[in-house]
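Novice: Could you have a look at this structure, given as structure tokens, before my questions?
4 protein chains.
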Amino acid sequence: MPGNLDNNTASDSFLTKLKAESAPEWAAYLGHDFVRRLADGSLPEVCFRHYLTQDYLFLIHFSRAYALAVYKADDLADMRQAAETLHALLDTEMALHLRTCARWGLSEKDMAAIPEADANLAYTRFVLDSGMAGDLLDLLVALAPCVLGYGEIGKHLLSDPAIPLEANPYRDWIEAYGGPEYQEVAEAAAAQIERVARRRLGGEPDEAPRWASLSRTFQTATRLEIGFWDMGLTPTKS
Amino acid sequence: MPGNLDNNTASDSFLTKLKAESAPEWAAYLGHDFVRRLADGSLPEVCFRHYLTQDYLFLIHFSRAYALAVYKADDLADMRQAAETLHALLDTEMALHLRTCARWGLSEKDMAAIPEADANLAYTRFVLDSGMAGDLLDLLVALAPCVLGYGEIGKHLLSDPAIPLEANPYRDWIEAYGGPEYQEVAEAAAAQIERVARRRLGGEPDEAPRWASLSRTFQTATRLEIGFWDMGLTPTKS
Amino acid sequence: MPGNLDNNTASDSFLTKLKAESAPEWAAYLGHDFVRRLADGSLPEVCFRHYLTQDYLFLIHFSRAYALAVYKADDLADMRQAAETLHALLDTEMALHLRTCARWGLSEKDMAAIPEADANLAYTRFVLDSGMAGDLLDLLVALAPCVLGYGEIGKHLLSDPAIPLEANPYRDWIEAYGGPEYQEVAEAAAAQIERVARRRLGGEPDEAPRWASLSRTFQTATRLEIGFWDMGLTPTKS
Amino acid sequence: MPGNLDNNTASDSFLTKLKAESAPEWAAYLGHDFVRRLADGSLPEVCFRHYLTQDYLFLIHFSRAYALAVYKADDLADMRQAAETLHALLDTEMALHLRTCARWGLSEKDMAAIPEADANLAYTRFVLDSGMAGDLLDLLVALAPCVLGYGEIGKHLLSDPAIPLEANPYRDWIEAYGGPEYQEVAEAAAAQIERVARRRLGGEPDEAPRWASLSRTFQTATRLEIGFWDMGLTPTKS
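Residue numbers (the numbering used here), protein chains in the order written: chain A, 223 to 460; chain B, 223 to 460; chain C, 223 to 460; chain D, 223 to 460.
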């Protein structure tokens, strides 16, 4: 899907503008200590485990948010795109988490019983309420930092020759998010956001009256991603 | 609220453009046989009674829709405006219906037990779903034909010297919708729609990419108002 | 899935009780003239075509309702079940409609542009609003008459030796709804409803305080199915 | 409203059972250090100010949640009760906060521009999403710890002779929540919860199949109240 990719990375795209307007938060999210320690393998397993079990609960609510995007879509193409992302989350990404957690002796039932950390509650419910209160675009913008950011992080960690994978205990994670399957999910999700933004805001998104509000939603969601990494680094606190 | 009024009636307002784009439906709604027979008093009471009991059920769901507008508002001014319209519906307009129906021996409990006609279901649930799936503007546009249309009909019937009120059995209805209290509710609701449209679409609403979709919502809701009058004229069908 | 089937047809199941309480409406829906004329092949093509194009639009909103069920589910099993039904609607059932309509020269775009009949609006939006206002069980009960009824109708038409398929112009439709793929979708949906009812009402659903309200929802949805067949027989009215 | 009060405090009421099942969390919320320092006047003003400005933002979303309760109500009595609580929040409680904040030179616009603390986001959006995903009872249970807890705290602080009000800088706050107006709001809200619980669960709520899920919602909301007091004590963190 090179066309989507072009859209996605075009200097004047909607998502590029959103990231530019929240540049400090975006940089803090992508370059977070949690990510750097995943990359060099120095992240304590207890942190990764805390993160991954919380991320499993996170994905349940992100799946609910993509289901909401099917409900909110105004044409069949958008319904199908959101249903495919839902399918990728429910059947691929969550299965990966379950496999990893099974190695720690955690069953699906164990995972579902872990209490949600406050950082998790804050992020997922903010996305769901933003999407329910607003329209499809408000919802997709609230979802964007997760799907785009993980795509960018995965791609970077996998392609950077300075990051050796061999002995890295987090190699599976890096290969999953940097690999072609997730990259395609992220690109298709990004292409949908661009399409919906054009259809709702027109060709100059940052001159549209809704720009300030959408940009604030993106910034808040990015801030909540940072809070999620912070939570990963402090496994003793819920 | 002369400022709002000006906005409301300005030749280039959002609502004026919506009505112009659905001109045939708007004319068929405002000039419906049901309205003409209300005006000249020739409407059979059985029709009016069927209409009014259904309208009571309608107002329950319209109140739910204004509550949804409070939920969907993105600032306090819009929350308060929607809460005031909710209050006017729940505490003034529905009370008027109850008083009229009490004269026919119908209690509030009797009214709530009457099955909703299909035309009623179609209209109210279309509004609620349009509003839930879309944003505040989608919701307000779906609500607009009712609040605006009743305002225009009431004003016209009350002010037209060719329509004598004295012996008209529907005088109460005409005075309620043509009177200052309802006119103010309608004007405040219209002013809110203009304000939200400006904030979400900018100054040229019919050039905004969402125009076609919003115009279609307004047209469908107006068509469903016509269906509601039709239902009033056929009291034996549900 | 014999276990589900047993549940589904057990004399004391939740769905059996719902159907029993709306027995006249259920019989009128399953034995509607539209169905009898489908079975004997005497249904005018103009009626079938009107029905099928409206049913295509119906399925868009039914897909939205199953997406809502994913959002509303309270465990992963229910999320996955609703996501599978969504997938079956979006990717199998709608594709069948598109193939049939393609034979009449109608493209997907043509179909999406056909105005929704009022009977269609009333039914789909009633389901969506019942589900949004209530919980997962309210939603599934509003959806039940469609998925169960089509399953029962299809099974009956396909298995009744008095109904010859060879020359029947509606053979595809009968084989689709009577065939194993749709029967499995219907059984899995029914099994989910039984499971959710047990989890929310306990073992004696018709003694639970919510019974009257749920039964009314089922009855209204069945009445709206009858209205949908009526619409199919009157292709000149919208 | 002595009848409601009786219900409310009866040893076997729904709310009494919910509080009993979350006894440690309930005690930690009502006896939080923030509350004790409000009572003895030793709370630093910077903490109170941080708390009160966040609480103002909190009330915006709590008002949205009560509007949602109007949308979700299944009879007029519940619609009116939720609309009255909405009115009390929007027009009385928020006005009190604005008056207090005006003394610090903060305008309504200033207040609305303060970023929401994560503890605030987590709590309010959890309530809104619980309510949207579930039914009216799920929503009211998620709202209960706030309205009930503030009622109990206010009553206790105002009536305890060991708590002198004269020199207490937080006297206004104590008198507002302990005073008859707020106590009546809290009692009416509690009476509604009892009524809705009886109508949806029957007479033995803790034997109903939904009990575990409702109890978990109440516990999570109480935990998030504790997080809100914690936030009040740490004004430098967002």
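Heads up, the beta-carbon is just placed ideally off N, CA and C, and yes, glycines get one too.
Computed from a prediction, not measured in an experiment: that's the story for all the values here.
Take S264(B) as the anchor and find which of A389(B), L274(B), A295(B), A245(B) has the nearest alpha-carbon.
Specialist: Against the second sequence, residue 264(B) aligns to sequence position 42. Comparing Cα positions, the closest option is A389(B).
Novice: Thinking C-alpha only, which one of L298(C), H272(C), R271(C), E306(C) is nearest L408(C)?
Specialist: The sequence position of residue 408(C) within the third sequence is 186, counting from 1. Strictly speaking, residue 408(C) in this sequence is Ala, with Leu absent from that position. Comparing Cα positions, the closest option is E306(C).
Novice: Would you mind working out which of A430(A), D428(A), R271(A) sits nearest R325(A), comparing C-alpha positions?
Specialist: Position 103 of the first sequence, counting from 1, holds the residue named residue 325(A). Out of A430(A), D428(A), R271(A), the CA that lies nearest to the CA of R325(A) is found in R271(A).
Novice: If G454(B) and F280(B) are in contact, beta carbons under 8 Å, what's the gap, nearest whole angstrom?
Specialist: Along the second sequence, one-based indexing puts residue 454(B) at 232. Along the second sequence, one-based indexing puts residue 280(B) at 58. Actually they are not in contact, since the Cβ atoms of G454(B) and F280(B) sit about 11 Å apart, beyond 8 Å.
Novice: Helix, strand or coil, according to DSSP, for A232(D) in the structure here?
Specialist: Mapped onto the fourth sequence, residue 232(D) falls at position 10. For A232(D), the predicted structure reports a pLDDT of 48, less than 50, and the residue's modelled location is therefore unreliable. A value from the coordinates is still provided. Correct three-state label for A232(D): coil.
Novice: Grab me the residues of A304(D)'s own chain with a C-beta within less than 7 Å of its C-beta, minus the 5 sequence neighbours each way, in chain order.
Specialist: The count along the fourth sequence starts at 1 and reaches residue 304(D) at position 82. Result list for A304(D): Y288, A291, V292, A295, in chain order.
Novice: Under 7 Å Cβ-Cβ, which residues of chain C neighbour D351(B)?
Specialist: On the second sequence, residue 351(B) is found 129 positions in, with the first residue counted as 1. Neighbours of D351(B) on chain C, chain order: R347, L350, D351.
Novice: Taking the C-alpha atoms as reference points, what is the distance between D297(D) and V349(B)?
Specialist: Within the fourth sequence, the letter at position 75 stands for residue 297(D). Within the second sequence, the letter at position 127 stands for residue 349(B). Each residue's Cα considered, the two are about 19 Å apart.
Novice: By Cβ distance below 8 Å, which residues in the same chain neighbour A345(B) in space, the five residues on each side in sequence not counted?
Specialist: On the second sequence, position 123 is the one that residue 345(B) refers to. Strictly speaking, residue 345(B) in this sequence is Tyr, with Ala absent from that position. Within the same chain, Y345(B) has close Cβ partners F280, A443, L446, E447, G449, F450.
Novice: Ignoring anything shorter than 4 residues, give me the alpha helix (DSSP H) runs that lie fully in the region 324 to 393 of chain B, in order along the chain.
Specialist: Taking only runs of at least 4 residues, the alpha helix (DSSP H) segments lying wholly in the region 324 to 393 of chain B are 330 to 335, 340 to 355, 358 to 381.
Novice: Counting only Cβ-Cβ distances shorter than 9 Å, please list the residues of the region 391 to 423 of chain A near chain B, keeping chain order.
Specialist: R420, R421, R422, L423
Novice: Report buried or exposed for E367(A), applying the criterion of at least 16 other Cβ atoms within 10 angstroms of its Cβ.
Specialist: Within the first sequence, residue 367(A) is the residue found at index 145, counting from 1. A small correction: the amino acid at residue 367(A) is Pro; Glu does not occupy that position in the sequence shown. Label assigned to P367(A): buried.
Novice: Using DSSP with H/G/I as helix, E/B as strand and the rest coil, what is P266(A)?
Specialist: The residue you call residue 266(A) lines up with position 44 of the first sequence. Reduced to three states, the DSSP call for P266(A) is coil.
Novice: Does DSSP classify T456(C) as helix, strand or coil?
Specialist: Position 234 of the third sequence, counted from the start, is the residue given in the question as residue 456(C). In this structure, T456(C) counts as coil in the three-state DSSP scheme.
Novice: Using a Cβ-Cβ cutoff of less than 6 Å, which residues in the same chain neighbour D228(A) once the five nearest sequence positions on both sides are dropped?
Specialist: One-based indexing of the first sequence puts residue 228(A) at position 6. Below a pLDDT of 50, predicted positions are generally treated as unreliable, and D228(A), at 41, falls in that range; the measurement from the model is reported next regardless. Excluding sequence neighbours, D228(A) sits near nothing in its chain.
Novice: Is the CB-CB distance between F284(A) and I415(A) below 9 Å?
Specialist: As a position in the first sequence, residue 284(A) is number 62, starting the count at 1. As a position in the first sequence, residue 415(A) is number 193, starting the count at 1. No, Cβ-Cβ distance for F284(A) and I415(A) is not below 9 Å.
Novice: For G353(C) and D360(C), which I take to be in contact (beta-carbon distance under 8 Å), what is that distance rounded to the nearest angstrom?
Specialist: The sequence position of residue 353(C) within the third sequence is 131, counting from 1. The sequence position of residue 360(C) within the third sequence is 138, counting from 1. Yes, G353(C) and D360(C) are in contact; Cβ-Cβ is about 6 Å, under 8 Å.
Novice: Could you tell me the distance, in whole angstroms, from the CA atom of E462(A) to the CA atom of R286(B)?
Specialist: Residue 462(A) is absent from the model: chain A starts at 223 and stops at 460.
Novice: Find out if the Cβ-Cβ distance for the pair L274(A), T314(A) is shorter than 9 Å.
Specialist: Stepping through the first sequence from its first residue, residue 274(A) is reached at position 52. Stepping through the first sequence from its first residue, residue 314(A) is reached at position 92. Cβ distance not < 9 Å, so L274(A) and T314(A) don't count as in contact.
Novice: Pairs of beta-carbons, one from the region 425 to 433 of chain C and one from the region 392 to 407 of chain C, closer than 8 Å: are there three or more?
Specialist: no
Novice: Please report the Cβ distance between E330(B) and L318(B), rounded to the nearest whole angstrom; I am assuming they are in contact, meaning their Cβ atoms lie under 8 Å.
Specialist: Residue mapping note: residue 330(B) aligns to position 108 of the second sequence, counting from 1. Residue mapping note: residue 318(B) aligns to position 96 of the second sequence, counting from 1. Going by Cβ atoms, the distance from E330(B) to L318(B) rounds to 13 Å, so no, they are not a contact pair.
Novice: Answer with yes or no whether the minimum CB distance from N226(B) to chain C is below 9 Å.
Specialist: Taking the second sequence and counting its residues from 1, the one referred to as residue 226(B) is at position 4. Residue confidence for N226(B) is low, a pLDDT of 40 falling below 50, so the modelled location carries little weight; the figure read from the coordinates is stated next. Not closer than 9 Å to any Cβ of chain C, the Cβ of N226(B) fails to qualify, so no.
Novice: Cα separation between A232(B) and A261(B)?
Specialist: What you label residue 232(B) is simply residue 10 of the second sequence in a count that begins at 1. What you label residue 261(B) is simply residue 39 of the second sequence in a count that begins at 1. Unreliable positioning characterises A232(B) in this predicted model, as indicated by a pLDDT of 48, which lies under 50. A coordinate reading is not provided.
Novice: Of all the residues that make up the region 272 to 301 of chain D, which are near chain B by a beta-carbon distance shorter than 9 Å?
Specialist: I282, S285, R286, A287, Y288, A289, L290, A291, V292, Y293, K294, A295, D297, L298, M301
Novice: For the alpha helix (DSSP H) that contains T307(D), what are its first and last residues?
Specialist: The residue you call residue 307(D) lines up with position 85 of the fourth sequence. Here the alpha helix (DSSP H) through T307(D) covers 298 to 309.
Novice: Only counting runs of 3 or more residues, tell me where the beta strand (DSSP E) segments fall wholly within the region 411 to 448 of chain D, in order along the chain.
Specialist: none
Novice: Within the 9 Å Cβ cut-off, does S235(D) reach chain C?
Specialist: Stepping through the fourth sequence from its first residue, residue 235(D) is reached at position 13. So no, S235(D) is outside the interface.
Novice: Let me see if you follow: with CB-CB separation under 9 Å, is A430(B) close to chain A or not?
Specialist: Taking the first residue of the second sequence as position 1, residue 430(B) is located at position 208. Judged by the 9 Å Cβ criterion, A430(B) is in contact with chain A.
Novice: Classify V268(C): buried if its beta carbon has 16 or more other beta carbons within 10 angstroms, exposed otherwise.
Specialist: On the third sequence, position 46 is the one that residue 268(C) refers to. Result: exposed.
Novice: I'd like the list of long-range same chain contacts for N226(C), defined as Cβ closer than 6 Å, with 5 residues on each side in sequence excluded.
Specialist: Numbered from 1 along the third sequence, position 4 holds the residue referred to as residue 226(C). Only weak support exists for where N226(C) lies, its pLDDT of 40 falling under 50; the value from the coordinates is given anyway. The beta carbon of N226(C) sits closer than 6 Å to the beta carbons of E409, A413 from its chain, once the five residues preceding and following it are set aside; these are given in chain order.
Novice: Looking only at C-alpha atoms, which of D357(D), Q441(D), Q405(D), I336(D) sits nearest to G246(D)?
Specialist: Here residue 246(D) refers to the residue found at position 24 when the fourth sequence is read from its first residue. In the sequence as displayed, the identity of residue 246(D) is Pro instead of Gly. When each option's Cα is compared against that of P246(D), the closest is Q441(D).
Novice: Measure the alpha-carbon distance for A310(A) versus G356(D) and round it to whole angstroms.
Specialist: Translated into the one-based positions of the first sequence, residue 310(A) becomes position 88. Translated into the one-based positions of the fourth sequence, residue 356(D) becomes position 134. Taking the straight line from one Cα to the other gives about 25 Å.
Novice: Would you kindly work out how many angstroms separate the C-alpha atoms of D351(B) and D351(C), rounded to a whole number?
Specialist: Locating residue 351(B) in the second sequence gives position 129, counting from the first residue. Locating residue 351(C) in the third sequence gives position 129, counting from the first residue. Whole-angstrom Cα-Cα distance: 6 Å.
Novice: Please tell me whether E315(B) has its Cβ less than 9 Å away from any Cβ of chain D.
Specialist: Here residue 315(B) corresponds to residue number 93 of the second sequence, with the count starting at 1. False, the Cβ-Cβ gap to chain D never drops below 9 Å.
Novice: Should G376(A) go down as buried or exposed, given a rule of 16 or more other Cβ atoms within 10 Å for buried?
Specialist: Here residue 376(A) refers to the residue found at position 154 when the first sequence is read from its first residue. Per the 10 Å Cβ criterion, buried.
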